[in-house]
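See structure below.
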Amino acid sequence: HPPSLASVAYATVLPAVVRVAGYTTDGWPATNDRWTAKQWLLPWFDEIDKPDTIGTGVVIDDKGNILTNWHVAGSQAKLRVTFMDGTESNGIVIGAQPDKDLAVLRTPTIPDDLQPATLASSTTLNPGDEVEAIGFPFGIGPSASDGIVSGLHRAFVDEHKRQLTDLIQFDAAANPGNSGGPLVNADGEVVGIVTAILNPTGARTFAGIGFAMPIESAANAVGENPL
Numbered sequence: 647h648p649p650s651l652a653s654v655a656y657a658t659v660l661p662a663v664v665r666v667a668g669y670t671t672d673g674w675p676a677t678n679d680r681w682t683a684k685q686w687l688l689p690w691f692d693e694i695d696k697p698d699t700i701g702t703g704v705v706i707d708d709k710g711n712i713l714t715n716w717h718v719a720g721s722q723a724k725l726r727v728t729f730m731d732g733t734e735s736n737g738i739v740i741g742a743q744p745d746k747d748l749a750v751l752r753t754p755t756i757p758d759d760l761q762p763a764t765l766a767s768s769t770t771l772n773p774g775d776e777v778e779a780i781g782f783p784f785g786i787g788p789s790a791s792d793g794i795v796s797g798l799h800r801a802f803v804d805e806h807k808r809q810l811t812d813l814i815q816f817d818a819a820a821n822p823g824n825s826g827g828p829l830v831n832a833d834g835e836v837v838g839i840v841t842a843i844l845n846p847t848g849a850r851t852f853a854g855i856g857f858a859m860p861i862e863s864a865a866n867a868v869g870e871n872p873l
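Position 165 (the sequence shown) corresponds to 811 in my numbering; numbering is contiguous.
The structure is reproduced here in structure tokens:
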């Protein structure tokens, strides 16, 4: 049997997806010292190395610029970015638009064969179109969840009282950790950045309504030409 459209879309964008770990303090050793530190700190290493937040990002160009959410990148003293080939590097915020909950990161080290994602206009989307959210929900991943576009041009007030507008509403499962990750179409092209979920109970778990910032708005907000 041929692979499903969802599995092809996942494989297409996966090389550009990164894990973004945030630490509230900047006291952790540099990458070159991690394994030496691990030898001395066992069995406490896993707890010490545990990030305070985990989110997702997606590489959008050959320079290695990474789109993510401001609430993933902007509130932590130190960021660690892990690429799909296992390369790790510090993440540096080089651009942001907090009112749109968007940030762009760059890392001093990038993989030699880094493959940025292909971006596609969200203006071609229609309710009912298949989309896929890819990221690290609750730190588990990379994980894929498949769904459809539920609506367009939605507005949402997030927990920081920011009014986010012109959002893509989708029903692919997204949870804490998916934030900043790509929403892709059936061809594996990035059409949005997963930004928020709505749960009327106030719980930070998925209740069938997710929102993504269209890729045009996301890339323009951080000074990139999106298409």
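By construction, the Cβ of each residue, glycine as well, lies at the ideal position given by its N, Cα and C atoms. Given the structure is predicted, the values throughout are model-derived calculations rather than measurements.
Express the C-alpha separation of His647 and Gly869 in angstroms, rounding to a whole number. 43 Å
* Asked: Thinking C-beta only, is Pro757 closer than 8 Å to Phe782?
  -> no
- Query: Under three-state DSSP, which class holds Phe784?
  - Reply: helix
As a quick exercise: from Ala832, Gly668, Asp731, pick the residue whose alpha carbon is nearest that of Ala662. Asp731
For a quick check, are the C-beta atoms of Leu798 and Phe857 less than 8 Å apart? no
Rounded to whole angstroms, what is the Cα-Cα separation between Leu877 and Val664?
The displayed coordinates of the chain run from 647 to 873. Any statement about residue 877 would go beyond what the structure contains.
**Cβ-based burial, Phe878 [other Cβ within 10 Å; buried from 16]** = Because residue 878 is not part of the residues shown, which for the chain are 647 to 873, the question remains open.
What separation, rounded to the nearest whole angstrom, lies between the Cα atoms of Ala864 and Asp792?
22 Å
Just to confirm the assignment: which complete alpha helix (DSSP H) runs, minimum length 4, are found wholly within the stretch 685 to 764? 691 to 694, 716 to 719
- Item | C-beta contact flag for Gly720 and Ala749 at 8 Å | yes
For my contact list, Pro840 and Asn866 are in at a C-beta cut-off of 8 Å; report their separation, rounded to the angstrom. A small fix is needed here, since residue 840 is Val in this sequence, not Pro. Contact doesn't hold; Cβ gap of about 18 Å is too wide.
Fill in: 8 Å CB neighbourhood of Leu651 in its chain, flanking five on each side removed
Glu776, Ala832
_Taking the beta carbon of Val705 as the centre, do at least 16 other beta carbons fall within 10 Å, making it buried, or is it exposed?_
buried
Note to self: Buried or exposed for Gly834, going by 16 or more other Cβ atoms inside 10 Å?
What the structure shows: buried
Distance, Cα to Cα, Ile902 vs Ala790?
-> Look at the range of the chain in this structure, 647 to 873, and you will see that residue 902 is not part of it.
For Ser650, does the three-state DSSP call read helix, strand or coil?
coil
_Pull the bridge partners of Arg800 from the DSSP assignment, please._
Leu813
To which residues of the same chain is Leu810 closer than 8 Å at the C-beta, ignoring the five residues directly before and after it?
Lys746, Asp747, Ala801, Phe802, Val803, Asp804, Thr841, Ala842, Phe857, Met859
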